[in-house]
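For reference, the structure discussed in these notes is given below.
Numbering (our numbering), first residue to last: 28 to 174.
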């Protein structure tokens, strides 16, 4: 397995993984829109995407970080919005390797933190986050509004 930052050379592999990820969250499959979304992120450079590839360059998983800031800390933070590993590649350390790569990137860029959210019933992901030292923050209530 190799992990690398996504460029347009890996657009097709990444778009396919991104489409699978969205379907995992009960969204309809739409490879063309997934490709357009990932391509736009690459062109605008407004996210950092890492992909895990097997020895045949098949996509095994990906993670996507979005830069943000902490006003209180006055430092950059990264929002880890997406982490996905194909069903076939699970239980092989892919998610952990992607998370460690994201963390190394954030440390290299002197970020204050990586923040993420996951479904309450995503037991496997929570176990990984706990293992990697992430802490659940229960001192805030988060709100959202669809626009």
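For glycine and all other residues, C-beta sits at the position ideal for the given N, C-alpha and C.
Where the beta strand (DSSP E) through residue i begins and ends
i	result
residue 143	140-143
residue 34	Looking at the DSSP string, residue 34 is not in any beta strand (DSSP E), and its letter there is neither H nor E.
residue 87	86-97
Proximity winner among the options, relative to residue i (alpha-carbon distances)
i	options	result
residue 219	110, 98, 120	With the chain represented from 28 up to 174, any question about residue 219 goes unanswered, as that position is not in the structure.
residue 137	157, 95, 159, 82	95
residue 77	46, 152, 30	30
residue 84	171, 146, 163, 37	37
residue 62	45, 161, 80, 166	45
residue 59	43, 166, 167, 32	43
residue 68	79, 156, 33	33
residue 108	98, 118, 129, 121	129
residue 79	92, 70, 48, 40	40
Counting only runs of 4+ residues fully inside the region 43-83, write out the alpha helix (DSSP H) ranges in chain order.
Here the runs fully enclosed are 58-71.
Tell me the start and end of each unbroken beta strand (DSSP E) in the region 110-162 that is at least 3 residues and wholly inside, in chain order.
Taking only runs of at least 3 residues, the beta strand (DSSP E) segments lying wholly in the region 110-162 are 140-143.
Pairs of beta-carbons, one from the region 141-148 and one from the region 100-117, closer than 8 angstroms: are there three or more?
With the rule of 3 Cβ pairs closer than 8 angstroms, the region 141-148 counts as touching the region 100-117.
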